[in-house]
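Read through the structure below, which is laid out as structure tokens, and then see the notes.
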Amino acid sequence: MTDTTAPAAPASKDPSFVTALARGLDILRCFTAERQDLGTSEIARLTGLPQPTVWRLCKTLSQLGYLVPGRTPDRLRVGAAVLMLGHAAITRTGIGHVALPLMQQVADEFGISVSLAERNGLDMVVVQRIEAPSILRLNMHVGSALELGNSSLGWAYLAAVEAPIRNAALRKLEKHYGPAAWPQVARDIEQGRQEFAQQGFVTNFAKSHQDVNAIGVPVISPDRQRVMALTCGGAKSSLSTQKLATQVAPAMLALAEKIAPMLSRPVGEER
3 MTDTTAPAAP ASKDPSFVTA LARGLDILRC FTAERQDLGT SEIARLTGLP QPTVWRLCKT
63 LSQLGYLVPG RTPDRLRVGA AVLMLGHAAI TRTGIGHVAL PLMQQVADEF GISVSLAERN
123 GLDMVVVQRI EAPSILRLNM HVGSALELGN SSLGWAYLAA VEAPIRNAAL RKLEKHYGPA
183 AWPQVARDIE QGRQEFAQQG FVTNFAKSHQ DVNAIGVPVI SPDRQRVMAL TCGGAKSSLS
243 TQKLATQVAP AMLALAEKIA PMLSRPVGEE R
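In this note's numbering, the protein residues as written are 3 to 273.
Next comes the structure, spelled out in structure tokens:
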């Protein structure tokens, strides 16, 4: 489940920081797979910005093609200009030609769905995905955002990054979840860290979704400067925890090892 509000632009004393641009990007972040069509009042609520400010920014974004009319004239959705940015971001990962066929092999061998994701703020955003035929269909696709603190992708990422990055993320997550939810989230993250240290992958057995078993594996560049994450899973009725741990996990670990060297290569050298 993704956050119900868009993160506000951080306050900055840097004279080169352009607040108007940051607010415009906050508006674009309001639009998700679950919120494809929004009115300006909804955007104002999600961002915490004044309605007149939202109206002016949306007008500018519309003139530039980043927003277009939604289902009705008073509603908006993202335009083709955003799609172009998304395509550029996926291409920038520099591993598409290598990752997809390798992910397909694992998906076909075990009849599972396999996703590759990269961190964006407090989310892990899916950049590549192979969907397995299944009666249980999850609303996950390229561009989907899964919670950094509540997903096998996020737990795998947090387990693998260097301590300063992880600690900074934990502080933000604690503030995000609040005192009621944070203790359980923190326990899940710590369990993932221990699992990664012991076995190289993290488990998510019916935690995020009561009918789904999944595991997560970090993909770490050789210089450790970049970390992505893989996840795979399926209906727990057909994909047991034992099968995941003993059969699927070794294949996913091998997949991560094959993809990892590509994370250090310049874009355009992935083949």
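Even glycine gets a Cβ: it sits at the ideal position worked out from N, Cα and C.
Best match in the options for proximity to residue i [C-alpha to C-alpha]
i	options	result
Asn215	Gln53, Ala90, Ser115	Ser115
Gly113	Ala253, His178, Leu265	Ala253
Ala147	Pro75, Ala182, Leu27, Cys32	Cys32
Lys260	Asp39, Val84, Phe19, His99	His99
Lys209	Ser239, Asn152, Met230, Met142	Asn152
Val144	Ala119, Tyr159, Pro166, Leu40	Ala119
Pro155	Gly218, Leu175, Leu241	Before going further, note that residue 155 is Leu rather than Pro in the sequence given. That would be Gly218, whose Cα lies nearest to the Cα of Leu155.
Ala83	Thr55, Leu30, Thr49, Ala158	Leu30
Leu78	Gly41, Gly67, Thr49, Ala46	Gly41
Leu23	His211, Arg47, Cys60	Cys60
Ile167	Glu111, Ser43, Arg226	Arg226
Val80	Ile191, Pro103, Asp39	Asp39
Leu241	Asp213, Ser266, Ala231	Asp213
Burial state of residue i (16 or more Cβ within 10 Å)
i	result
Arg73	exposed
Ile137	Residue placement at Ile137 is poorly supported in this model, since its pLDDT is 47, which falls under 50; the coordinates still yield a value, given next. Exposed is the call here.
Met198	The sequence shown places Phe at residue 198, rather than the Met named in the question. With 16 or more other Cβ atoms within 10 Å, it is buried.
Asn169	exposed
Thr109	The sequence shown places Ala at residue 109, not Thr. By the neighbour-count rule (16 or more Cβ atoms within 10 Å), Ala109 is buried.
Met105	buried
Val1	Since the first residue of the chain shown is 3 and the last is 273, residue 1 is not available in this structure.
Ser239	exposed
Ala256	exposed
Asp16	exposed
Leu1	A query on residue 1 cannot be resolved here, the shown segment of the chain reaching from 3 to 273 and no further.
Ala258	buried
Val20	exposed
Ala90	exposed
Leu246	buried
Ala182	exposed
Beta-carbon gap between residue i and residue j smaller than 8 Å
i	j	result
Thr233	Ser117	yes
Met264	Ile132	no
Asp125	Glu164	no
Leu63	Gly123	no
Ala161	Pro220	yes
Gln130	Ala101	yes
Ala158	Val204	yes
Thr49	Asp28	yes
Ser223	Ala251	no
Thr243	Phe207	yes
Gly236	Ala134	yes
Met142	Val128	yes
Glu192	Trp184	no
N-terminal and C-terminal residue of the beta strand (DSSP E) that residue i is part of
i	result
Ile222	214-222
Thr205	204-207
Ala247	Here Ala247 belongs to no beta strand (DSSP E), and DSSP marks it neither H nor E.
Leu232	229-237
Opening and closing residue of the alpha helix (DSSP H) in which residue i lies
i	result
Gly67	Segment: none, Gly67 is in no alpha helix (DSSP H) and carries neither H nor E.
Leu23	21-31
Met254	251-261
Arg168	165-201
Ser43	42-49
heavy atom of the ligand HEM below 7 Å from residue i C-beta
i	result
Pro252	Within the structure as shown, the ligand HEM is missing, as the structure has no ligands at all.
Start-end ranges of the alpha helix (DSSP H) lying completely within the stretch 76-158, minimum 4 residues:
Runs of the alpha helix (DSSP H) inside the stretch 76-158: 82-94, 98-112.
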